[in-house]
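Protein chains in written order, with our numbering: chain A, 1 to 223; chain B, 1 to 223. Virtual Cβ for every residue (Gly too), placed ideally from N, Cα, C. Read the structure below first, then the notes.
Number of protein chains: 2
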Amino acid sequence: MSKAVTLLSGGMDSATCLAIAIEEGNDCYALSFDYGQRHDVELGAARRIAAHMGVLEHRILNIDLGQLGGSALTDGSIDVPEQPGEGIPVTYVPARNTIFLSYALAWAEVLEADSIYLGINAIDYSGYPDCRPEYLEAYQRMATLATRRGIEGARLDIRAPLLDSGKAEIVRRGVALGVDFSLTISCYQADAQGAACGRCDACRLRRAGFEAAGVDDPTRYRT
Amino acid sequence: MSKAVTLLSGGMDSATCLAIAIEEGNDCYALSFDYGQRHDVELGAARRIAAHMGVLEHRILNIDLGQLGGSALTDGSIDVPEQPGEGIPVTYVPARNTIFLSYALAWAEVLEADSIYLGINAIDYSGYPDCRPEYLEAYQRMATLATRRGIEGARLDIRAPLLDSGKAEIVRRGVALGVDFSLTISCYQADAQGAACGRCDACRLRRAGFEAAGVDDPTRYRT
Numbered sequence: 001m002s003k004a005v006t007l008l009s010g011g012m013d014s015a016t017c018l019a020i021a022i023e024e025g026n027d028c029y030a031l032s033f034d035y036g037q038r039h040d041v042e043l044g045a046a047r048r049i050a051a052h053m054g055v056l057e058h059r060i061l062n063i064d065l066g067q068l069g070g071s072a073l074t075d076g077s078i079d080v081p082e083q084p085g086e087g088i089p090v091t092y093v094p095a096r097n098t099i100f101l102s103y104a105l106a107w108a109e110v111l112e113a114d115s116i117y118l119g120i121n122a123i124d125y126s127g128y129p130d131c132r133p134e135y136l137e138a139y140q141r142m143a144t145l146a147t148r149r150g151i152e153g154a155r156l157d158i159r160a161p162l163l164d165s166g167k168a169e170i171v172r173r174g175v176a177l178g179v180d181f182s183l184t185i186s187c188y189q190a191d192a193q194g195a196a197c198g199r200c201d202a203c204r205l206r207r208a209g210f211e212a213a214g215v216d217d218p219t220r221y222r223t
Numbered sequence: 001m002s003k004a005v006t007l008l009s010g011g012m013d014s015a016t017c018l019a020i021a022i023e024e025g026n027d028c029y030a031l032s033f034d035y036g037q038r039h040d041v042e043l044g045a046a047r048r049i050a051a052h053m054g055v056l057e058h059r060i061l062n063i064d065l066g067q068l069g070g071s072a073l074t075d076g077s078i079d080v081p082e083q084p085g086e087g088i089p090v091t092y093v094p095a096r097n098t099i100f101l102s103y104a105l106a107w108a109e110v111l112e113a114d115s116i117y118l119g120i121n122a123i124d125y126s127g128y129p130d131c132r133p134e135y136l137e138a139y140q141r142m143a144t145l146a147t148r149r150g151i152e153g154a155r156l157d158i159r160a161p162l163l164d165s166g167k168a169e170i171v172r173r174g175v176a177l178g179v180d181f182s183l184t185i186s187c188y189q190a191d192a193q194g195a196a197c198g199r200c201d202a203c204r205l206r207r208a209g210f211e212a213a214g215v216d217d218p219t220r221y222r223t
C-alpha cells in the first residue's frame, strides 16, 4: 500500500477527495486545521468523516491564522458576503492553501508518504488564487525540491483529483464512491448544530451542485 | 518606503539578513517562530535583535512542529550530532523553511509588503534541501501564483541576499552593517544563559566563519 496525506476540511470536496484517495489504493492520513475559522463546526464534520471512512490517523493542527488577519473567515469583524461580488472575495484567507500544503508536506516527509491529496477545484469555485492549476503545478515543483525525498530523486505527488470538476460532477463522483454527504458541512457560517446559512458563496455553490446533479442535498439550510 | 517581512531566527545569518533588508531601504516586519525547537533560547535573541535594529513590528508565531516529529531539533529523544556526518543531518526539520515562508507569505499579503527576506545560505550550510537556490527559485514562482498580488500581476520578491555567501563573508558583511553579533545565538543546544555547546554543526560553522573572517566571536562557548 502507498501512503497518502489527505487534507480534510469537512466539506464536500475534501470528503470526496478522501474517498478517491482510498479508492486509488492509499493508506490515508487525514490532516485538518483549527486555523481560527469562524466556521469551526466543520472540524466536527472532519472528525466524523475521518472516522466513517476509516483513515489510519486524523490530526487536527492548531494554527491560528486569525493572528495574521486579512480575511472574513478568520476576522469576526468582517462580514461574510451573502451576494456574489467581483474579484477575489473577502473570504479569501491569505496563503491558506500554501500553509496547509506545507504542513502536509512536513507530515508526508515524516510518514514517508508518496502523495498528498487535496480537494481544491477551479471550476465552481470562489476565485481564490491558490485554487488554480498553475498554482498547484508550481507548488508541486517547489515541493519536489523542498524535501529529503526530492534530494534523493524520488517524487512526492501533490494530487488534486477534483481540480477540473464542477460541483455537480463532484456530487456524482462522491455518490458513486459512497460518500455520506450528510456528514459534510460547506457553509462559512454554519451554526453550532451544523445548519447552513444558505446564502454564502460556499452554500450557493453547494446547493447549485446538488441541484445540477439531481441529488438531494442533505444539508439543513436556515434559509 | 517599501515594506519587507524578514524571517528572524535569532542566529547570525538572519540578523545580518535583517540588516541588509534595512540597508536596502525597507520598513521591516520581523517574523519568528516558536516551533518547539529545543534551542528556544534563540527566541530571546530574536527579540533583542528586533528591538535593537528597530523593526516596525516583531511577531513570534507559535507553531508546534514537534507534533509532526522527524527531527533532532524538535524531538528531545533524538540527540543533536556533535560530529560531522554524511548526507542530510537529523537536525533537518521536515519542510521547515516551506512552512516559515508560507506564514511570511500570508503576513506579507496582509501587510501588502513588497518582499520577504530570509537568511538562508547554501555555502557553509548543513545540506538541508530547503536551503538550496533551486528550491528558492521554485518557491518564488509558487508564491507569485499563490496570492492576490500575483493574480493582479504584481510581484512579491523572495530575497535571500546571503544565499551565495560563506560564513566568513556573512561575518564581514554583518560587521560592516553594524550587526551586534553578541545578541545572536547559533547553537542548536545553547543553555538558558545562551552559552553555546561549541560542538554542533551550527557552532562549528559559526566558529569557523568568525575565525576565517578574523573577527572575534562574542559567543560564550561551553567547550
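Close to SER102 (chain B), with beta-carbon spacing below 7 Å, are these residues of chain A in chain order: ALA95, THR98, ILE99 and SER102. Under DSSP, the beta-bridge partners assigned to ARG159 (chain A) are A:TYR117. For ARG148 (chain B), the chain A residues whose Cβ falls inside 8 Å of its Cβ are ILE88, TYR92, PRO94 and PRO129, in order along the chain. Neighbours of ARG206 (chain A) in chain B, taken as residues at a C-beta separation under 7 Å, are lacking, since the least C-beta distance is about 24 Å. Rounded to the nearest whole angstrom, the CA to CA distance from LEU118 (chain A) to ALA106 (chain B) is 20 Å. Taking a C-beta distance under 8 Å as the contact criterion, ALA168 (chain B) and ALA212 (chain B) qualify as a contact pair. Under the 10 Å beta carbon count, GLY10 (chain B) is surrounded by 16 or more other beta carbons and is classified as buried. For HIS52 (chain B), the secondary structure class from DSSP, reduced to helix, strand or coil, is helix.
Among the residues of chain B, those whose CB is under 8 Å from the CB of ILE63 (chain A) are ILE63, following chain order.
Contact check between the stretch 15-31 of chain A and the stretch 41-55 of chain A: three or more CB pairs, one atom from each, fall below 8 Å, which counts as touching. Around the beta carbon of SER77 (chain B), a 10 Å sphere encloses fewer than 16 other beta carbons of the protein chains shown; the residue is thus reported as exposed.
Distance from GLN189 (chain B) to ARG38 (chain B) at the Cβ level is roughly 6 Å; contact confirmed, criterion being Cβ atoms closer than 8 Å. Look at the beta carbons and you see the stretch 80-91 of chain B not touching the stretch 85-100 of chain A: under three pairs across the two are nearer than 8 Å.
Residue pairing from DSSP places PHE33 (chain A) in a beta bridge opposite A:LEU61.
Under the DSSP assignment, ALA15 (chain B) falls outside any beta strand (DSSP E), being part of the alpha helix (DSSP H) whose first and last residues are 12-23. In summary, MET1 (chain A) is exposed, with fewer than 16 beta-carbon neighbours lying within 10 Å of its beta-carbon over all protein chains present. Here DSSP, grouped into helix, strand and coil, assigns ASP27 (chain A) to strand. Looking at the DSSP output, LEU7 (chain A) shares a beta bridge with A:LEU31.
Contact annotation: in the stretch 65-88 of chain A, residues whose CB is within less than 8 Å of a CB in chain B are LEU65, GLN67, LEU68, GLY69, GLY70 and ILE88. Three or more Cβ pairs closer than 8 Å define a contact, and the stretch 139-158 of chain B meets that threshold against the stretch 136-148 of chain A. Between PRO89 (chain B) and SER126 (chain B), the gap from beta carbon to beta carbon is short of 8 Å. Of the residues assessed, ASP130 (chain B) falls on the buried side of the cut-off, its CB having 16 or more other CB atoms within 10 angstroms. Sequence-distant partners of ASP157 (chain A) (beyond 5 residues in either direction) whose C-beta falls short of 6 Å from its own C-beta, in its chain, are SER115. Burial is judged here by how many other beta carbons sit within 10 angstroms of a residue's own beta carbon; ASN26 (chain A) has at least 16 and is buried.
At a beta-carbon threshold of 8 Å, the residues of chain B lying near GLU109 (chain A) are GLY70, PRO94 and ALA95, ordered along the chain.
At the C-beta level, ARG207 (chain A) and ASP191 (chain A) stay beyond 8 Å of one another. Below the 8 Å Cβ cutoff, chain B contributes ALA138, ARG141 and MET142 as neighbours of ARG141 (chain A), in chain order. Residue contact check for TYR35 (chain A) against chain B: no CB pair falls below 8 Å.
Per DSSP, the unbroken alpha helix (DSSP H) holding VAL175 (chain A) starts and ends at 167-176. ALA122 (chain B) does not reach chain A, its nearest Cβ partner there being about 12 Å away, counting only Cβ pairs nearer than 9 Å. Residue pairing for TYR221 (chain A): DSSP places it in a beta bridge opposite A:ALA196. Of the residues B:LEU111, B:ALA72, B:GLN67 and B:GLU86, the one whose Cα lies closest to the Cα of ARG148 (chain B) is B:LEU111. The three-state secondary structure of SER182 (chain A), taken from DSSP, is helix. Proximity of ALA160 (chain A) to chain B, defined by a Cβ-Cβ separation below 8 Å, is not satisfied.
Around the beta carbon of ARG155 (chain A), a 10 Å sphere encloses fewer than 16 other beta carbons of the protein chains shown; the residue is thus reported as exposed.
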